[in-house]
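Enquirer: Have a look at this one before I ask anything.
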Amino acid sequence: KDASRRLVEFINALPNGEIVAGAAIDDASQALTPEAFAALQTLGVAGDVRAQFRAGHAFIGRKGLAPGQAVEDLSARIPANVAIGKNVNADRVSFALSPFAVQAK
101 KDASRRLVEF INALPNGEIV AGAAIDDASQ ALTPEAFAAL QTLGVAGDVR
151 AQFRAGHAFI GRKGLAPGQA VEDLSARIPA NVAIGKNVNA DRVSFALSPF
201 AVQAK
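Under this note's numbering, think of the first position of the sequence shown as 101, with each following residue one higher.
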């Protein structure tokens, strides 16, 4: 439950328009509180893993979107996968992102 509390605090501190990518691997169904799910909904997330044991969930959302507007995948059988632009999906492809900003010209 502490992780859910920290997730709520993190999301609540984000400014509107902030882009967020997230993933739950294996099982988040037992730890996600109603408050944490409500916070995720402010990023456009609609998928609810709370009743889906061992479901994978991935999303790219933005603070201030309505639920259902995020790009997301919720899967009970295969790893969840989301992409914007070219979808690079292979066993040997991995990456890490540091915080970045998108600026209009």
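Note that the Cβ used here is the ideal one computed from N, Cα and C, for glycine as well. Predicted, not measured: the structure shown is a model, and the values here were computed from it.
Helix, strand or coil for Glu118 per DSSP?
Expert: Against the sequence shown, residue 118 aligns to sequence position 18. Note: Glu118 maps to coil in three-state DSSP.
Enquirer: Taking 6 Å as the limit between beta carbons, can you name the residues of its chain near Leu114, skipping five residues before and five after?
Expert: Walking along the sequence shown from the start, residue 114 turns up at place 14. Here the set comprises Lys163.
Enquirer: Could you give the DSSP three-state label for Val149: helix, strand or coil?
Expert: Here residue 149 is taken as the residue at index 49 of the sequence shown, counted from 1. Correct three-state label for Val149: helix.
Enquirer: Thinking C-alpha only, which one of Thr133, Val171, Gly117, Ala166 is nearest Val149?
Expert: Along the sequence shown, one-based indexing puts residue 149 at 49. Answer by Cα proximity: Thr133.
Enquirer: Please state whether DSSP places Ile125 in a helix, a strand or coil.
Expert: Locating residue 125 in the sequence shown gives position 25, counting from the first residue. It is coil, neither helix nor strand.
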